[in-house]
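Under the UniProt record's numbering, the first residue of the sequence shown carries the number 1, and numbering increases by one thereafter. Just below is one structure, and these are the notes that go with it.
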Amino acid sequence: MSAVAESPSSLAVATRTDDSIAVLTVGGVLDASNSGALRESISKATLDAPTAVIVNISELKVPAESAWSAFISAHLQLGTQTKVPIVLVSSNRASREAITRSEVTRFMPVYSTEKGAIKALGKLTRQTLQRADAELPATLTSLRESRRLVREWLTEWKQSGLIPVALVVVNVFVENVLEHTGSVPKMRIETDGETATIAVSDESTSAAVRLPSPDKGIDVSGLAIVDALSRAWGSTPTASGKTVWAVIGPENQL
1 MSAVAESPSS LAVATRTDDS IAVLTVGGVL DASNSGALRE SISKATLDAP
51 TAVIVNISEL KVPAESAWSA FISAHLQLGT QTKVPIVLVS SNRASREAIT
101 RSEVTRFMPV YSTEKGAIKA LGKLTRQTLQ RADAELPATL TSLRESRRLV
151 REWLTEWKQS GLIPVALVVV NVFVENVLEH TGSVPKMRIE TDGETATIAV
201 SDESTSAAVR LPSPDKGIDV SGLAIVDALS RAWGSTPTAS GKTVWAVIGP
251 ENQL
């Protein structure tokens with residue numbers, strides 16, 4: 001089944017089910033104007049509790065590499081009870097390389113064929129993905145509360161080794177929201193049993209950007225510290241603002 005866009009600049013999504021796996025075939029052009037529709041299509045595909053969701057984007061055109069972050073945003077907006085693995089398929093090698101550069105594969109692995117994706121699902125479905133989120137007040141009390149929740153959740157998920165670095169990361173993210181946006185911080189923590197993702201959303205559309213290092217001295221800005229302490233981090237647009245996220249693993253333990 002192919003997805004035919006109404007116009008050269010629009011997005012089309014066709015859905016089918018193969019042996020309890022939801023397969024989305026996405027065509028057209030992905031940009032900032034329709035990334036929300038893509039996120040909703042992926043989220044909707046998880047609602048019927050398929051064993052997995054495969055998103056075939058072989059026919060999708062993405063003129064701006066930054067638009068790939070829509071897939072990160074789609075992952076981070078999934079409900080806390082959603083355990084369905086989501087994988088991408090692209091027969092286009094250049095697209096797969098762009099997806100990897102954009103850090104999307106830290107959340108949704110990409111394969112060259114649907115057959116290859118299905119073969120990999122066995123391992124992915126055995127992973128135990130745990131998620132929790134909370135909306136915090138736009139006050140300084142959020143700093144202490146965010147650290148308390150991170151400690152509580154990672155202890156419950158038996159990831160106590162990641163707690164010290166996770167506390168530093170969430171503190172930087174929440175502090176940046178309070179200092180620069182004035183909006184309510186919304187935090188999410190998730191783990192796949194090995195790594196943990198710390199994500200904090202706000203209502204500002206301005207991307208979180210690490211400031212250039214000073215000419216003299218050491219850059220000790222919050223995001224410079226996050227960069228040094230994590231496997232990867234990024235700032236991803238959402239429907240209402242942005243989400244700043246970081247992935248930490250055993251090698252990042254303090």
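C-beta atoms are modelled at their ideal positions from N, C-alpha and C, and glycine is treated no differently.
Coil, strand or helix - residue i by DSSP
| i | result |
| --- | --- |
| V150 | helix |
| D192 | coil |
| A228 | helix |
| G182 | coil |
| A239 | coil |
| G234 | strand |
| V244 | strand |
| E135 | strand |
| S204 | coil |
| V128 | Per the sequence presented here, residue 128 reads as Thr, with Val not at that position. Reduced to three states, the DSSP call for T128 is coil. |
C-alpha distance - residue i paired with residue j, whole-angstrom precision
| i | j | result |
| --- | --- | --- |
| A22 | I57 | 14 Å |
| L175 | R151 | Here residue 175 is Glu; the residue named in the question, Leu, does not match the sequence. Each residue's alpha carbon lies about 17 Å from the other. |
| E114 | L136 | 40 Å |
| P237 | T195 | 23 Å |
| K44 | V89 | 18 Å |
| R148 | A132 | 13 Å |
| G234 | V226 | 10 Å |
| T15 | V53 | 10 Å |
| E190 | S102 | 20 Å |
| W153 | N252 | 18 Å |
| S69 | L162 | 25 Å |
| S146 | G28 | 40 Å |
| T46 | N171 | 31 Å |
| R231 | V169 | 12 Å |
| D192 | T205 | 29 Å |
| I198 | A166 | 7 Å |
| T243 | D202 | 7 Å |
| P50 | S20 | 5 Å |
| S142 | K186 | 10 Å |
| V200 | A74 | 14 Å |
| L38 | S183 | 25 Å |
| Q127 | W157 | 13 Å |
| H121 | P85 | For the record, residue 121 in the displayed sequence is Leu; it is not His. If I take the Cα positions, the gap works out to 8 Å. |
| R188 | V26 | 28 Å |
| T17 | N34 | 24 Å |
| R93 | P63 | 15 Å |
| P164 | L254 | 6 Å |
| A228 | I72 | 21 Å |
| V177 | G241 | 11 Å |
| S95 | L24 | 17 Å |
Buried versus exposed, by CB contacts within 10 Å (16 or more), residue i
| i | result |
| --- | --- |
| G79 | exposed |
| E179 | exposed |
| V159 | The residue asked about is misnamed: residue 159 is Gln in this sequence, not Val. With 16 or more Cβ atoms within 10 Å of its Cβ, Q159 is classed as buried. |
| A67 | buried |
| G87 | Strictly speaking, residue 87 in this sequence is Val, with Gly absent from that position. Counting Cβ neighbours within 10 Å, V87 comes out buried, since at least 16 surround it. |
| A117 | buried |
| A208 | buried |
| T155 | exposed |
| T139 | exposed |
| V144 | Here residue 144 turns out to be Arg, not Val, going by the sequence shown. R144 is exposed by the Cβ-count criterion. |
| A32 | exposed |
| A12 | buried |
* To do: At 3 residues or longer, and completely inside the UniProt domain "STAS" (11-121): list those beta strand (DSSP E) runs for me, N to C.
  => 11-18, 21-29, 52-61 and 86-89
* **Touch test, the stretch 102-109 against the stretch 232-247, Cβ-Cβ under 8 Å, three pairs minimum** => yes
* Asked: Is the stretch 46-61 touching the stretch 218-233, taking contact as three or more C-beta pairs under 8 Å?
  -> no
* Asked: Taking three-plus beta-carbon pairs below 8 Å as touching, is the stretch 36-43 in contact with the stretch 68-78?
  -> yes
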